[in-house]
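If you count by UniProt numbering, then the sequence shown holds residues 1 to 196, one letter each, in order.
The beta-carbon is built from N, C-alpha and C at its ideal position, and this holds for glycine as well.
Scroll down for the structure; my scribbles are underneath it.
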Amino acid sequence: MSKRLYCSQCLYPQSVCLCHAVQLDENKVKVIVLQHPSESAHAKNTARLLKLGLKHCEIICGESAADFNDIRQRVSQSPQDWAVLYPSQNSLQLSASHPAKSTPACLILLDGTWKKAFKIWQLNPWLHSLTCYQLQIDNPGIYQRKAKWQNSLSTLECCAFALDLFEGLSPTPLSKLLQVRQSKLLSSSALSPENK
1 MSKRLYCSQC LYPQSVCLCH AVQLDENKVK VIVLQHPSES AHAKNTARLL KLGLKHCEII
61 CGESAADFND IRQRVSQSPQ DWAVLYPSQN SLQLSASHPA KSTPACLILL DGTWKKAFKI
121 WQLNPWLHSL TCYQLQIDNP GIYQRKAKWQ NSLSTLECCA FALDLFEGLS PTPLSKLLQV
181 RQSKLLSSSA LSPENK
């Protein structure tokens, strides 16, 4: 059995390499993704695409507060510059009709299933003191995975819409990257021996 070859740039299997579809965006708001460990190994995780499509993006894998010591220290130095995108009880609506009063320098997203993202939220009370936003988007996302709410979005889609609302960065390049990835995965799946 031959070993699967991976692209050294996008880190996807060469059969589904996405390099040709990457358009690097110069985002002003730095994106920090707190990713649950179970999500990091998931073939369909979309945070990986954010790292390809955004110049200023960092993914930190973990679950408990101890896993995020470095980022906690950075936040504590200037908490007013940070915000979290998460639908908490105290989150502010973020939409075209409810724009943010100020733009954060850094935006934190939680990446995982709803259950895993909630666990990260619960285990990290330091996040609760930051300004928290909840997206109000009418359009359903193009990426379908098990979700708690009908109009749930992937991490990439949430980030793309938030950056559009915060700094006017077009969500199109990230959305196209997600569409290309979806299309390649479907094609790859259709060609696999199990589906023949």
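Is HIS163 helix, strand or coil when you go by DSSP?
The sequence as given places Leu at residue 163; His does not occur at that position. If DSSP states are grouped into helix, strand and coil, LEU163 belongs with the helices.
Here's the rule I'm using: 16 or more other beta-carbon atoms within 10 Å means buried, otherwise exposed. How should ARG4 be labelled?
exposed
Which ranges does the beta strand (DSSP E) cover as unbroken runs of at least 3 residues, wholly within the segment 104–128, from first to last along the chain?
DSSP runs (the beta strand (DSSP E)) wholly in the segment 104–128: 106–111.
Counting only the same chain and skipping the five closest in sequence on each side, list residues whose C-beta sits under 7 Å from that of LEU110.
LEU34, TYR86, ALA117, ILE120 and TRP121
So what does DSSP say about GLN35, is it helix, strand or coil?
strand
In the DSSP output, which residue or residues are listed as bridge partners for ILE59?
As a beta-bridge residue in DSSP terms, ILE59 pairs with VAL33.
Cβ-based burial, LEU24 [other Cβ within 10 Å; buried from 16]:
exposed
Reduced DSSP secondary structure (H/G/I, E/B, other) of VAL84
strand
Where SER97 and SER78 are concerned, what is the direct C-alpha to C-alpha distance, given to the nearest angstrom?
28 Å
Report all residues from its chain with a CB closer than 7 Å to the CB of LYS28; omit the five preceding and five following residues, and keep chain order.
Correct list, in chain order: GLU167.
At what residues does the alpha helix (DSSP H) containing LEU49 begin and finish?
47–53 is the span of the alpha helix (DSSP H), which, as asked, contains LEU49.
Report all residues from its chain with a CB closer than 7 Å to the CB of LYS196; omit the five preceding and five following residues, and keep chain order.
Annotation note: pLDDT 36 at LYS196 (below 50); position unreliable, no value reported.
Endpoints, alpha helix (DSSP H) assigned at GLN73
Element bounds for GLN73: 69–77.
Per DSSP, what are the beta-bridge partners of PRO13 in this structure?
Note: PRO13 sits in a beta bridge opposite TYR6.
Beta-carbon separation (whole angstroms), ALA47 vs VAL180, contact threshold 8 Å:
About 16 Å separates the two Cβ atoms, so there is no contact after all.
Only counting the same chain, and skipping five residues up and downstream in sequence, which positions put a Cβ closer than 7 Å to that of SER91?
CYS132, TYR133 and GLN134
Local Cβ density within 10 Å of ALA41, reported as buried at 16 or more and exposed below that:
exposed
Compare the Cα-Cα distances from THR113 to each of LEU130, ILE59, ASN69 and ASN45 and report the closest residue.
Looking at LEU130, ILE59, ASN69 and ASN45, the one whose alpha-carbon comes closest to that of THR113 is ASN45.
So the candidates are LEU52, LYS176 and SER38; which of them puts its Cα closest to the Cα of SER8?
LEU52
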